[in-house]
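K.L.:
Got a structure here, written out as structure tokens. Questions coming.
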Amino acid sequence: MTSIQQNIEQITSQIEGAQQKCGRGRDTVQLLAVSKTKPVEAILEAAQAGQVRFGENYVQEGTDKVAYFSQHHPELGLEWHFIGPIQSNKSRHVAENFAWVHTVDRAKIAKRLSEQRPQDLQPLQVLIQVNTSGELSKSGINENEIFELAELISTLPNLTLRGLMSIPANVSDYASQLAAFTQLAELKEKLAERFPEQNIDTLSMGMSGDMQAAIEAGSTMVRIGTAIFGARDYTNKA
């Protein structure tokens, strides 16, 4: 048994425990393995342990990994999520290679992703990134801008709006974590009510340090990296 496999089993057990504690059904929370800066060998270990969904932050690194697994291990059927900031000059690579994008936060990027999505692929599944903490250092729009951007996305032929994503302030006390996540969950419900024709069912929120609070608030996808793969090496990011 590999250490990565052990880590995935441990995280999966923690997710199941959190679901049970909150009275949620099993398999209501998906594990997104954040594989940025990690080699393809580590991702292959995770995939062989049953992990299917992987998140990448850097466009060039992510597209290289997508190409590698498409060529060498298509039988694994991996699902690739882009979870980093998107620059306009790199949006085409995101549109052409990923199944999901968690970080749509402006109209220009939404339009480019739709225009650049290949017609032979399914629509890109997108989440609007919300800056719930108001920190200038974080990407994302404020809650007053969500519905205008959602209205635009709903008209774009090659995008499907699935929900919201956030990276809240890094706080250690559970009550503050829960309050921030609950705020996003309430916004997601309002969004689903406003756009009933869209399949708005996803809340991407929660990492290693605040996963329990995120799940209690209603997260459907937690983003876990270091707890699966170990410490990251940023020397070769692209």
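Under UniProt numbering, the first residue of the sequence shown is numbered 1, with each subsequent residue one higher.
Where is the CB? At the ideal position from N, CA and C, for every residue including glycine.
1) Any chance the stretch 13–28 sits against the stretch 46–57, with 3 or more Cβ pairs inside 8 Å?
2) For Q119, is the classification buried or exposed, using 16 other Cβ atoms within 10 angstroms of its Cβ as the cut-off for buried?
3) Please state the DSSP three-state secondary structure of N72.
4) Identify every run of the alpha helix (DSSP H) within the stretch 175–219, keeping only runs that are complete inside it and at least 4 residues long; order them along the chain.
5) Rounded to whole angstroms, how far is the Cβ of L159 from the Cβ of I167, which I believe are closer than 8 Å?
6) Tell me, please, which residues DSSP counts as bridged to T132.
7) Which ranges would you report for the beta strand (DSSP E) in the stretch 79–144 if only whole runs of at least 3 residues count?
8) To the nearest angstrom, report how far apart D210 and Y174 are at their CA atoms.
9) Contact between the stretch 137–146 and the stretch 105–120 is defined here as three or more beta-carbon pairs at a separation below 8 Å; is this criterion met?
10) What did DSSP end up calling L32 once you bin it into helix, strand or coil?
11) Per the contact definition of three or more C-beta pairs closer than 8 Å, is the stretch 186–202 in contact with the stretch 7–15?
12) Between the Cα of A231 and the Cα atoms of I146, Q5, L184, S35, which residue gives the shortest distance?
13) Tell me, to the nearest whole angstrom, how far the beta carbon of L113 is from that of S91; I am working on the premise that it is less than 8 Å.
14) Taking the DSSP output, what are the residues bridged to T37?
15) On the DSSP bridge list, what partners appear for F147?
16) Assuming I224 is part of the beta strand (DSSP E), what are its boundary residues?
17) Please determine, among A42, N97, Q212, the residue with the shortest C-alpha to C-alpha distance to L121.
18) Buried or exposed for E56, going by 16 or more other Cβ atoms inside 10 Å?
19) If you count every other CB in all the chains shown that lies within 10 Å of the CB of T132, and 16 or more means buried, which is it?
20) Under 8 Å by Cβ, that's how I've got I43 and V222 pegged, so tell me the actual separation to the nearest angstrom.
21) Excluding the five sequence neighbours on either side, which residues of its own chain have a C-beta within less than 7 Å of the C-beta of A227, listed in chain order?
22) If you draw a straight line from the alpha carbon of D233 to that of K38, how long is it in whole angstroms?
P.N.:
Taking the structure as given:
1) no
2) Position 119 of the sequence shown holds residue 119. Sixteen is the threshold: since fewer than 16 other Cβ atoms of the shown chains lie within 10 Å of the Cβ of Q119, the residue is exposed.
3) For the purposes of this step, residue 72 is taken as the residue at position 72 of the sequence shown. This sequence places His at residue 72; Asn is not what is there. Three-state result, H72: helix.
4) 211–217
5) Locating residue 159 in the sequence shown gives position 159, counting from the first residue. Locating residue 167 in the sequence shown gives position 167, counting from the first residue. Rounded, the Cβ-Cβ distance is 21 Å, inconsistent with contact.
6) Here residue 132 is taken as the residue at index 132 of the sequence shown, counted from 1. BP columns for T132 are empty, so no partner.
7) 79–82, 100–104, 124–129
8) Within the sequence shown, residue 210 is the residue found at index 210, counting from 1. Within the sequence shown, residue 174 is the residue found at index 174, counting from 1. Each residue's Cα considered, the two are about 8 Å apart.
9) yes
10) Position 32 of the sequence shown, counted from the start, is the residue given in the question as residue 32. Note: L32 maps to strand in three-state DSSP.
11) no
12) For this step, residue 231 is matched to residue 231 along the sequence shown. With distances taken between Cα atoms, A231 lies closest to S35.
13) Looking up residue 113 in the sequence shown gives position 113. Looking up residue 91 in the sequence shown gives position 91. That belief holds up - the Cβ atoms of L113 and S91 are roughly 6 Å apart, short of 8 Å.
14) Locating residue 37 in the sequence shown gives position 37, counting from the first residue. T37 pairs with nothing; no bridge assigned.
15) By 1-based counting over the sequence shown, the position of residue 147 is 147. Per DSSP, none; premise fails for F147.
16) Position 224 of the sequence shown holds residue 224. 221–224 is the span of the beta strand (DSSP E), which, as asked, contains I224.
17) Locating residue 121 in the sequence shown gives position 121, where the first residue counts as 1. It is N97 whose Cα lies nearest to the Cα of L121.
18) For the purposes of this step, residue 56 is identified with residue 56 of the sequence shown, where counting begins at 1. E56 comes out buried.
19) Residue mapping note: residue 132 aligns to position 132 of the sequence shown, counting from 1. Flag for T132 reads buried.
20) Within the sequence shown, numbered from 1, the residue matching residue 43 stands at position 43. Within the sequence shown, numbered from 1, the residue matching residue 222 stands at position 222. In fact, because the Cβ distance is near 18 Å, the residues do not count as touching under 8 Å.
21) Counting from 1 along the sequence shown, the entry for residue 227 is found at position 227. Scanning its chain for C-beta atoms nearer than 7 Å, with the 5 sequence neighbours on each side dropped, one finds around A227 the residues N7, I11, S208, in chain order.
22) Here residue 233 refers to the residue found at position 233 when the sequence shown is read from its first residue. Here residue 38 refers to the residue found at position 38 when the sequence shown is read from its first residue. For D233 and K38, the distance between alpha carbons rounds to 8 Å.
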